[in-house]
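To keep things clear, I will list the structure first and then write my remarks on it.
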Amino acid sequence: MAALMEVVTALTGVYQADGSVQGELRYVVGKLLGTAHCALCDITHGSVREKRGFAACREALPVPLRNVHLDERSPEIQRFTDGRTPCVVGHTPAGLVLLLDGPALDACEGSVTRFRDALDAALTRLHLRFAP
6 MAALMEVVTA LTGVYQADGS VQGELRYVVG KLLGTAHCAL CDITHGSVRE
56 KRGFAACREA LPVPLRNVHL DERSPEIQRF TDGRTPCVVG HTPAGLVLLL
106 DGPALDACEG SVTRFRDALD AALTRLHLRF AP
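What follows is the structure, given as C-alpha cells:
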C-alpha cells in the first residue's frame with residue numbers, strides 16, 4: 006500500500022527585504038551597490054514591476070501563493086523563516102515546510118520557469134503534493 010502524501014494547501018514566499026518605503030529604497034540602493042540580494046525578488050520582479058511570467062505562474066498554481074516582505078510576515082511565518090530568507094514555505098495540515106531556500110532560489114537565476122521546476126522538484130523530494 007502506498008503512503009499518503011502530505012498536502013500543501015498554500016505557499017508563502019518571503020523576500021529578503023522590508024516592504025516599507027524605506028526598506029524598498031534600502032534594497033534598491035543595496036542592489037545597485039552590490040550589497041543587497043534577494044533571489045526571490047529576481048524571480049518575481051523585473052526592474053520595477055512584477056514579471057508577467059511570474060503572475061501567470063502564480064495564477065496557474067493550484068494553491069494560493071502569497072509573497073511577503075520581512076516586515077509583513079505573520080508571527081508564525083516569522084518564527085519559521087527567521088534566518089532562512091529568502092525562501093518559499095508550504096502550508097500543510099501538519100505545519101509549515103521549507104520548500105525552497107536561498108540557494109535553491111539562487112539556482113533559478115531569476116527564471117520563472119526554473120522556479121516552477123524547482124518548486125515541483127521540492128514537492129516530489131519531500132513527498133508532498135498540492136491540494137486539489
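The numbering used here applies: residue 6 is where the sequence shown begins, and numbers increase by one. All C-beta atoms, glycine included, are put in the ideal place defined by N, C-alpha and C. Note that the structure is predicted; figures quoted are calculated from it, not measured.
Measuring alpha carbon to alpha carbon, tell me which residue in the options is nearest residue i.
i	options	result
C62	V117, A44, K36 and R54	V117
L101	V73, T86, G115 and P91	T86
A136	D47, L70 and I48	L70
G28	E11, D76, K56 and R54	D76
H132	C113, A65 and L104	L104
G58	F120, H74 and V68	F120
According to DSSP, which residues form a beta bridge with residue i?
i	result
V68	None; V68 has no bridge partner.
C92	V19
V117	The partner list for V117 (beta bridge, DSSP) is empty, contrary to what the question assumes.
F135	V13
H74	According to DSSP, H74 bridges with nothing at all.
T97	G100
L45	L45 pairs with nothing; no bridge assigned.
For residue i, count neighbouring C-beta atoms within 10 Å of its own C-beta (all shown protein chains included) and say buried if the count is 16 or more, exposed if not.
i	result
L30	exposed
A60	exposed
V13	buried
D125	exposed
R78	buried
T17	buried
D122	exposed
T40	exposed
H96	buried
A99	exposed
L110	buried
L45	buried
V94	buried
A112	exposed
With a CB to CB cut of under 6 angstroms and the five nearest residues on each side skipped, what residues in its chain are close to residue i?
i	result
C43	Y20, Q21, A22 and P91
Return the chain-ordered list of same chain residues with a C-beta closer than 7 angstroms to the C-beta of residue i, the five sequence neighbours on each side being excluded.
i	result
R130	none
S25	D76
M6	Confidence at M6 is low in this model, with a pLDDT of 37, below 50, so the placement of that residue should be treated as unreliable; the coordinate-derived value is given next. There are no such residues.
K56	T49, H50 and V117
V68	V13, T14, A15, L16, F135 and A136
So, at 8 angstroms on beta carbons, what are the nonlocal neighbours of residue i in its own chain, with the 5 sequence-adjacent residues on each side left out?
i	result
G107	Q21, A44, R89, T90, P91 and C92
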